[in-house]
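Protein chains in written order, with this note's numbering: chain S, 14 to 747; chain D, 21 to 249; chain U, 1479 to 1558.
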Amino acid sequence: MTDVTITPELVAEHGLTEEEYGRVLALQGREPTITELGIYSVMWSEHCSYKSSKKWLKTLPTEAPWVICGPGENAGVVDIGDGQAAIFKMESHNHPSFIEPYQGAATGVGGIMRDVFTMGARPIANMNALRFGHPDHAKTRHLVAGVVAGIGGYGNCMGVPTVGGECDFHPSYNGNILVNAMTVGLASTDAIFYSAAAGVGNPVVYVGSKTGRDGIHGATMASAEFDDDSEEKRPTVQVGDPFTEKLLLEACLELMATDAIVAIQDMGAAGLTSSSVEMAGKGGVGIELNLNEVPARETHMTAYELMLSESQERMLMVLKPGSQGQAKAIFDKWELDFAVIGRLTDTGHIVLKKDGDRVADIPLDGLNDAAPEYDRPWTETAARAPLDPAGVAEPDDYADALMRLMACPDVASKRWIWEQYDHLIRGHTLQRPGSDAAVVRIPDSRKGLAITTDCTPRYCYADPRTGGAQAVAESWRNITATGAKPLAMTDCMNFGNPERPQIMGQFAGCIMGMGDAGRALDYPIVSGNVSLYNETNGEAVLPTPAIGGVGLLDDVDAMATVAFKQAGDAVIVVGAGRGHLGSSLYLREITGSEDGPPPAVDLEAERRNGDFVRQLIRGGKVTACHDLSDGGLAVGLAEMCLAGGMGAEVSLPASDLPRHAALFGEDQARYVLSVVAGSADEVIDAAASAGVPANVIGKTTGDGHLTVGECFTISVADMRRAHEQWLPDYMAAP
Amino acid sequence: MKAAVIVFPGTNREQDMVDALSACMGNDPILVWHGDPTVPDVDLIVLPGGFSYGDYLRSGAMAARSPVMRDIIAKSEKGVPVLGVCNGFQILTETGMLPGALMRNADLKFVCKDVRLKVETSQSLFAGGYQAGQVIRVPVAHHDGNYFADEETLDRLEDRGQIAFRYCDEDGGLNRDANPNGSIRNIAGIYNEAKTVLGMMPHPENMIESAQGGTDGLALFSGMVEALS
Amino acid sequence: MKARVHVTLKTGVLDPQGKAVAHALDSLGFEGVNDVRQGKYLELDLAENDPDKAHAAVDDMCRKLLANMVIENYAIELDT
């Protein structure tokens, strides 16, 4: 490999700027080999180095008494009591999924599950947040079909239930879909595994699948804008093998039950390079690998290819001396490759050998600490003028407006998607997809985890700081609506090109808003991922900081669900409605405008109202609970009727708001509850003394209709048809 | 009563099955690794759901040829009851212990949802907890559950009362809309001629307590335990 | 020697995948495709060099594993 001359073109192809290449020369004290150039290139890519985002990520709240491990490891870890920990993370696989939707989405799911079981946790739930282009865009249908099949294909085979998520459509994703996958795992707090290598002389072991030429330069692809040639990059897409990963999961967990492992990390983006560099770097040791020992699937693979391959279902481990035999026996049983490919050294360098030659020798502190970090220029998104609800047209027909909202792509039932995911395996799914938050029970306990993914990109676009705060608040609210206490979140920051100050301003704004909300709600961020350059020919995606939230139910018997349960219950709205229609779904779907600022996020009210609702649920007072978001009160009530197969008869609280603003306004910090009729007064009194706005607006009925005062009466069955039919009809169209 | 649950590489619903069996048996079934040459002497052998060998080649094809299956076939011939659920059903057809084959779902998609089943007969050691004609609700979760057999085989199955369950609507009606995978004659589960082997696609083991959304699956396990204890 | 095995569905067995492909071809504007049947293709690299023995061995493999005789047919080609 020493015969490759490093030209400026080659440097540029590796995505390094002249200035960055200057640093490489200074660190190496000579011209790098091609293998070294490849390693610098992927380690300093946006994807691995977070060079544009690091400055901002550092400002996020990451600590709480229950946080065991925050960002920086394979996944975040929170204490859930009784010696158990929830381990979770969300990650994007956007670019690969656009190029090859089935494999891109499948390997995204495989990668995030590895991140979680690498730390010693058995995955117990998967979630996903998907954003596609406009339904009428030529590629959308094909991408939806492929992504959904890929997510199902991988998760179903692994035996991990996919219990929920979200799926939106917007033209800004036409050329850049977002596929964000989240995994939640369960571990013992005394058996959590980390990635920092230790023990000079200890063996470095490669396990899992063999290495092929898959995905070489995936990490740099994930850090580059698309252009029209991108679809030609197809051969670099990785192919997932969930069967092998299932074996790898069982083998790793079996080995983790012994005392053999010092450190372990999965080989995700940038494969062997990032795993070996990060493990040795974090441990402050050196590492020497003999690449001839790497199990290879193809012949004549170069050092460069072996180091940069993104073949899936592989792990790198440092074992305790003398435990190789025991470890190998476990991997033999599961018919997986097991190879000692190197050892830890005290040099502080990564040294690679191939065919007896030293093909790379890089100082790790240089590679890690001297990685570029940018304070990219950013401009604040201009504030939008307030939108007076009185100036927004009232619908000609309220029933028709609600029907249209219930059948619009963002609100319509996603059953067509989640019925392709095994959401019941393991037998602990207590709230299935379509709920505010999914709930999975912790085996052999009364505890449950509430899990949700949330983001309202149109709000983030209109006002990044408010939108960032709203995404966190909605996540917190969805968990609260089950009765669970929100513990922590993971994030997937999907944005356009950060070299544009406007995009960087969206990023900075969202981070600031997320930080505000995380601090105010005691809801820290413990893991996450940044995906930049989601733009094609200068068209960026809406800023999309997807939030994955996890909360704890102490007693699943005291859990609330969205479904109205019985006729005659009192229906109560908690929180203040101000008729905010700016950036609302009503405005977009009914009047065709995406104008106006998002609803204000009052974090004190969020906390006060949410704590009140949670306490009511835990006290057994609540028969159903739903948070209000897209489409406001009208859509919230409709969803509760649909989930329970019940009707409701309500009238709008007395106010001087226009009726359509009261019905469809998207004011935050609000919930709809049902309580047995006799306890309504007690609940209203309790709310008053807690300083929480609450009004009885009507009652549930058994007559199969949703009636709102003088606005409309609508058949729940008709609504169900409209709500359920949009996606299957769309997917069935040619 | 003692039971054994067989684990192949890629099996993933063994714990669900263990949970359901132990809830009714009062003891834990034995997990048997596919490479073991024999299954211990037990009253019931269960092939649980999953993706043995990744469903590669054909669902169940490779598991059907694994060492432990030879012993299971031998024990079954001596009358030891065998239950195969989902991938277990696929394996049973691949070994020939049950007739027919399970093909890709008619709409080509994986399907996970609650379905209704009509219990065709309660006259077996598996279905004693149900009434013939009863409609139960349990989930399916599979990609290859589209049962196929030639007409002659199907007629024979019907004549000998070997149909265990059929997909139906809430009122027990057998129609296309109630059929989640295109199975011929809405077949969801079948017996061997001696009714000592049951294969079925749906997952009764995931519907045994109200927290799971229903309890209709429980009677299969409690009925079996009663028959075999 | 190399053996090539084609596994196809028997006539009369419904082939939803083939049907979907036919439908897709039609909607792409390819006319005159009367029917599509989807199958599997396997390449085997054999140590055996005697064609008759190789054929017999692969035939046995097909019956025992590679094809499901309930619904599938197979055809064997040998590279000599």
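Cβ atoms here follow ideal geometry from the backbone N, Cα and C, with glycine treated the same way.
What are the start and end residues of each continuous alpha helix (DSSP H) run of 4 or more residues lying completely inside the stretch 88-145 of chain S, in chain order?
107-112 and 114-130
Cα-Cα, which of A231(D), V62(D), A40(D) and G70(D) is closest to Q110(D)?
G70(D)
Going along chain D, which residues have a C-beta under 7 Å from V1514(U)?
Those do not exist, as V1514(U) stays about 13 Å from chain D at its closest Cβ, beyond 7 Å.
Can you give me the C-alpha to C-alpha distance between R627(S) and S488(S), rounded to a whole angstrom?
14 Å
Buried versus exposed, by CB contacts within 10 Å (16 or more), D128(S)
buried
From which residue to which residue does the beta strand (DSSP E) around L64(D) run?
L64 to L67
Beta-bridge pairing of G660(S) - partner residues as DSSP gives them:
T714(S)
Any beta-carbon of chain D closer than 8 Å to the one on Q41(S)?
no
Residue environment, N1512(U), which counts as buried when at least 16 other CB atoms sit within 10 Å:
exposed
Check whether M244(D) and L145(D) have beta carbons under 8 Å apart:
yes
Determine, using beta carbons only, whether A344(S) comes closer than 8 Å to chain D.
It should be pointed out that residue 344(S) corresponds to Phe in this sequence rather than to Ala. Judged by the 8 Å Cβ criterion, F344(S) is not in contact with chain D.
How is G221(S) classed by DSSP in three states: helix, strand or coil?
strand
Can you list, in chain order, the residues of its chain whose CB lies under 6 Å from that of P248(S), leaving out five sequence neighbours each side?
Caution applies to P248(S), whose pLDDT of 47 falls short of 50 and renders its modelled position unreliable; the value that the coordinates give is listed next. Hits under 6 Å: none found.
Alpha carbon of G42(S) to alpha carbon of V364(S), nearest angstrom
16 Å
DSSP-derived helix/strand/coil call for T48(S)
helix
Cβ shell of V543(S) (< 7 Å), same chain only, five flanking positions each side left out
Y63, S66 and M506
Does A1481(U) have its Cβ less than 8 Å from a Cβ in chain D?
no
For R124(D), which residues in chain U fall below 7 Å Cβ to Cβ?
P1494 and Q1495
Could you pull out every unbroken alpha helix (DSSP H) segment of at least 4 residues lying fully inside the stretch 280-346 of chain S, listed in chain order?
284-296, 316-321 and 337-346
Under 8 Å between the Cβ atoms of L73(S) and G531(S)?
yes
Determine the burial state of T20(S): buried for a count of at least 16 other Cβ atoms within 10 Å of its Cβ, exposed for fewer.
exposed
Cβ shell of A200(S) (< 6 Å), same chain only, five flanking positions each side left out:
A98, I100, G133 and A134
Give me the DSSP bridge partner(s) of R454(S).
G461(S)
Are the C-beta atoms of C132(D) and some chain S residue less than 8 Å apart?
yes
CB contact below 8 Å: N1551(U) versus chain D
no
As a quick exercise: from A501(S), L545(S) and T503(S), pick the residue whose alpha carbon is nearest that of Q519(S).
L545(S)
Could you name the residues of chain U that D121(D) contacts, counting a contact when the two beta carbons are closer than 9 Å?
The amino acid at residue 121(D) is misidentified as Asp; the sequence shows Ala. Under the 9 Å cutoff, chain U gives V1491, N1546, V1548, I1549 and E1550.
Please decide whether G172(S) counts as near chain D, where near means a Cβ-Cβ distance under 8 Å.
yes
Going by C-alpha distance, which of Q278(S), A618(S) and Y34(S) is nearest M330(S)?
Q278(S)
Using DSSP with H/G/I as helix, E/B as strand and the rest coil, what is F180(S)?
Residue identity differs from the one stated: residue 180(S) is Cys in this sequence, not Phe. Three-state result, C180(S): strand.
Using a C-beta to C-beta distance shorter than 7 Å, which residues of chain D count as neighbours of A1498(U)?
L128
Would you list the residues sitting across from H639(S) in a DSSP beta bridge?
V685(S)
Any beta carbon from chain D within less than 8 Å of H436(S)'s own beta carbon?
yes
In angstroms with no decimal places, state the Cα-to-Cα distance between V197(S) and A138(S).
5 Å
Boundaries (first-last residue) of the alpha helix (DSSP H) holding L357(S):
That residue, L357(S), is in no alpha helix (DSSP H); its beta strand (DSSP E) goes D350 to T358.
Are the beta-carbon atoms of A114(D) and N1546(U) separated by less than 8 Å?
With the sequence shown as reference, residue 114(D) is identified as Glu, and Ala is not the correct amino acid for it. Yes. Within cutoff.
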